[in-house]
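*Asks:* I have a structure here, written as structure tokens, and I will follow up with some questions on it.
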Amino acid sequence: MTGEAASFGLGFMSLFVHVAVTLGLLWTLRDRSPVILQLFSALIAETLFVAVGLIIDPVIDFWIGSVMIGFGAVLLLFVHSALYKSVSLRMLAALARSPDPETDIHRISEEVTRPLFADRVGVLIEMGYVCVERRCGMECYAVTEAGQHFVARLAGVQRLFGVDANGFYDSGPNNRRQRDL
3 MTGEAASFGL
13 GFMSLFVHVA
23 VTLGLLWTLR
33 DRSPVILQLF
43 SALIAETLFV
53 AVGLIIDPVI
63 DFWIGSVMIG
73 FGAVLLLFVH
83 SALYKSVSLR
93 MLAALARSPD
103 PETDIHRISE
113 EVTRPLFADR
123 VGVLIEMGYV
133 CVERRCGMEC
143 YAVTEAGQHF
153 VARLAGVQRL
163 FGVDANGFYD
173 SGPNNRRQRD
183 L
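Mind the numbering: the sequence shown is residues 3 to 183 in my numbering, read in order.
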């Protein structure tokens, strides 16, 4: 077996180990950060790959297998993140659970949007980017000075990556979502 073929085979097996370990960790350690668990799993897979590779053939071409593990780890992280945090998927699931096939937007807003908003505002408050103020007997949110600085830095990074304020999904003035609203 050539060094490239051995690296490919070991890389594939190590990627399988990474997926299995990641899923096991995500299921058993639900109170831990999923990103850290996936990083730990990828490190285990890469260490296993290098150790077995050195035993099989000390001159094995490690880059092929390492790239497979790295690509698989990034792909797994992306898929997990999309499933874990997708607002659209939560809205779709809420619509699917509805006994009325034509559920109104207010029920979806109460079931999905408000709790997500409250959670995220709570994080922004903890980070010191937003504060709660009382105005006219109501709770209002205000951006702090630290929040203003963060938004300025964020705008610079968004410009660098070509992302406008609406995010990656905006397709310009002909965006169907904006026309329909």
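All residues carry an ideal CB built from backbone N, CA and C; glycine is no exception.
Here the structure is a predicted model, which means the values were calculated and not measured.
1) Please classify F170 as buried or exposed, where buried requires at least 16 other C-beta atoms within 10 Å of its C-beta.
2) Tell me whether R136 sits in a helix, a strand or coil according to DSSP, three-state version.
3) Using beta-carbon positions only, say whether H20 and A53 come within less than 7 Å of one another.
4) Where in the segment 62-144 do unbroken runs of the alpha helix (DSSP H), each at least 4 residues long, occur, reported from the N-terminal end onward?
5) Considering only C-alpha positions, which residue in the set V61, L39, S83, T30 is nearest to T4?
6) Could you compute how far the alpha carbon of L17 sits from the alpha carbon of K87?
7) Roughly how many angstroms separate the alpha carbons of L12 and S83, rounded to a whole number?
8) Comparing C-alpha positions only, which one of G26, S9, R34 sits nearest to F51?
9) Is the segment 130-143 touching the segment 101-121, taking contact as three or more C-beta pairs under 8 Å?
10) Please report the straight-line C-alpha distance between I58 and G149, rounded to a whole angstrom.
11) Locate the alpha helix (DSSP H) running through T49, then write down its first and last residues.
12) If contacts are defined as beta-carbon pairs under 8 Å, then Q40 and L79 qualify, I think. What distance do you get, rounded to the angstrom?
13) Does L39 have its Cβ less than 7 Å from a Cβ in chain B?
14) Once the 5 residues before and after R137 are set aside, which same chain residues still bring their CB inside 8 Å of it?
15) On a Cα-Cα basis, can you pick out the residue from T30, A75, W65, R32 that is closest to I46?
16) Less than 7 Å between the C-beta atoms of A96 and I107, yes or no?
17) For F152, which residues in the same chain have their Cβ closer than 7 Å to its Cβ, ignoring the five residues on either side in sequence?
18) Can you tell me where the alpha helix (DSSP H) with T146 in it begins and where it stops?
*Replies:* The short version:
1) In the sequence shown, residue 170 corresponds to position 168, counting from 1. Caution applies to F170, whose pLDDT of 49 falls short of 50 and renders its modelled position unreliable; the value that the coordinates give is listed next. Exposed: under 16 other Cβ atoms inside 10 Å.
2) Counting from one through the sequence shown, the residue named residue 136 turns up at place 134. DSSP places R136 in strand when its eight states are reduced to three.
3) Within the sequence shown, the letter at position 18 stands for residue 20. Within the sequence shown, the letter at position 51 stands for residue 53. Not in contact: H20 and A53 (Cβ atoms no closer than 7 Å).
4) 64-87, 89-99, 107-110, 116-129
5) Here residue 4 refers to the residue found at position 2 of the sequence shown. It is V61 whose Cα lies nearest to the Cα of T4.
6) Here residue 17 is taken as the residue at index 15 of the sequence shown, counted from 1. Here residue 87 is taken as the residue at index 85 of the sequence shown, counted from 1. Whole-angstrom Cα-Cα distance: 24 Å.
7) As a position in the sequence shown, residue 12 is number 10, starting the count at 1. As a position in the sequence shown, residue 83 is number 81, starting the count at 1. In a straight line, the C-alpha of L12 is about 27 Å away from that of S83.
8) In the sequence shown, counting from the first residue as 1, residue 51 sits at position 49. Checked all of G26, S9, R34; the closest Cα to F51 is S9.
9) no
10) Counted from its first residue, the sequence shown places residue 58 at position 56. Counted from its first residue, the sequence shown places residue 149 at position 147. If you take the alpha carbons of I58 and G149, they lie about 54 Å apart.
11) Numbered from its first residue, the sequence shown carries residue 49 at position 47. Here the alpha helix (DSSP H) through T49 covers 36-58.
12) Here residue 40 refers to the residue found at position 38 of the sequence shown. Here residue 79 refers to the residue found at position 77 of the sequence shown. Contact holds; Cβ gap of about 5 Å.
13) Included in the structure is just one protein chain, with no chain B present.
14) Counting from 1 along the sequence shown, the entry for residue 137 is found at position 135. None.
15) Position 44 of the sequence shown holds residue 46. Per the Cα distances, A75.
16) Here the question's residue 96 lines up with position 94 in the sequence shown. Here the question's residue 107 lines up with position 105 in the sequence shown. No; because the gap between Cβ atoms is not below 7 Å, this pair is not in contact.
17) Residue numbering aside, residue 152 sits at position 150 when the sequence shown is read from its first letter. The answer, listed in chain order, is Y131.
18) What you label residue 146 is simply residue 144 of the sequence shown in a count that begins at 1. Segment: none, T146 is in no alpha helix (DSSP H) and carries neither H nor E.
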